[in-house]
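To convert, count from 1 in the sequence shown and add 8; that's our numbering.
These notes concern the structure reproduced below.
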Amino acid sequence: MSAPVLSGPQYLREGLKLVLSPGLRLFVLLPLTVNVLLFAALIGFAVEGFSTWVDHLMPSLPDWLSFLSYLLWPLFVVLVLLMVFFTFTMLANIIAAPFNGFLAEKVEVVVRGQDDFPAFSWGELMAMIPRTVGREMRKLAYFLPRALGLFVLSLIPGVNLIAAPLWLLFGVWMMAVQYIDYPADNHKLGWNEMLAWLREKRWQSLGFGGITYLALLIPVVNLLAMPAAVAGATLFWVREGGDKTLVK
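This is the structure:
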């Protein structure tokens, strides 16, 4: 049996194979289209303001420490990339939430070999919008105060040196929260119960979140990373016993 932290990357790899299979391709097209459009917008937005944001966040150094700017600049480049990445990833997931929720249902049907969900229809998909978007708003309420705290931290000279690694760690955790919530929400698992379950699977969650984060940062690969992460998270839910957390 693989170590817990190594099982996360395995789920994403298997999730990618699933979404490329003939039976699931149809349910990937719409979230994939959302991904393409928003990542195109991300590139244009970042190119326009990237240098300004880095210069604004860089601390002012006295002349005798000016040589440190060459060492600090890459750190603040990473910080800006992480902040932009977070903003657009959250937006993409809000827009794609109903499609991702439906994809998670279909992946679970394939994995379990039994269909306990309603048959596909546009009416069923539209009916999922209020619930799934509401859940995305709950994720946003969880994300924003923590992101704001990290952003304020990034503006404090000296202290902001630790902002980039903290953003990275928070990002890894949020990727696990973001995608594993789809199958959990499909089974009506409460938000706090879902977080408690993820904490019990902390190393598996961080392993899955870390590889998902990395995949989303790689050009071209990131176009399939969202549906692959939804499928991988559903595998995570099924194999790690997510259904055992449900109130009978």
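The beta-carbon is built from N, C-alpha and C at its ideal position, and this holds for glycine as well.
Residue nearest to Leu231 within the set Gly121, Ser15, Gly31, Leu45 is Leu45 (criterion: CA-CA distance). When the Cα atoms are used, Met202 and Glu113 turn out to be separated by approximately 17 Å. For Ala184, the closest alpha carbon among the candidates Arg139, Leu222, Pro165 is that of Leu222.
A check of alpha carbon separations from Ala192 across Leu99, Leu158, Gly249, Val118 identifies Gly249 as the nearest. Gly23 sits away from Ser213, with the two beta carbons spaced by 9 Å or more.
Pairing Gly218 with Val180 gives a Cβ-Cβ distance under 9 Å. Counting every other CB atom within 10 Å of its CB across the protein chains shown gives Ala104 a total of 16 or more, marking it as buried.
As summarised for the stretch 149 to 224, there are no continuous beta strand (DSSP E) elements at least 3 residues long confined to that stretch. As the crow flies, the alpha-carbon of Arg139 is around 13 Å from that of Trp199. A residue is called buried once 16 or more other Cβ atoms fall within 10 Å of its Cβ, and Arg210, having fewer, is exposed. Excluding residues up to 5 positions away in sequence, Leu26, Leu111, Lys114, Val115, Val118, Ala239 lie with their Cβ nearer than 8 Å to the Cβ of Leu32 in the same chain. By the beta-carbon neighbour count (other beta carbons within 10 angstroms, threshold 16), Val36 is buried. Secondary structure note for Val228: it is in no alpha helix (DSSP H), with a DSSP letter that is neither H nor E. Here Ala233 has Ala223, Leu224 as same chain residues with Cβ atoms under 6 Å from its own Cβ, once five neighbours each way along the sequence are excluded. Here the C-alpha atom of Leu28 lies approximately 20 Å from the C-alpha atom of Ile188. For Leu206, same chain residues with a beta-carbon under 7 Å away, outside a window of 5 residues either side, are Ala184, Val185, Ile188, Ser213 in chain order. Per the coordinates, the alpha-carbon of Trp245 lies some 42 Å from the alpha-carbon of Pro165. Here the alpha carbons of Leu197 and Phe107 stand approximately 19 Å from one another.
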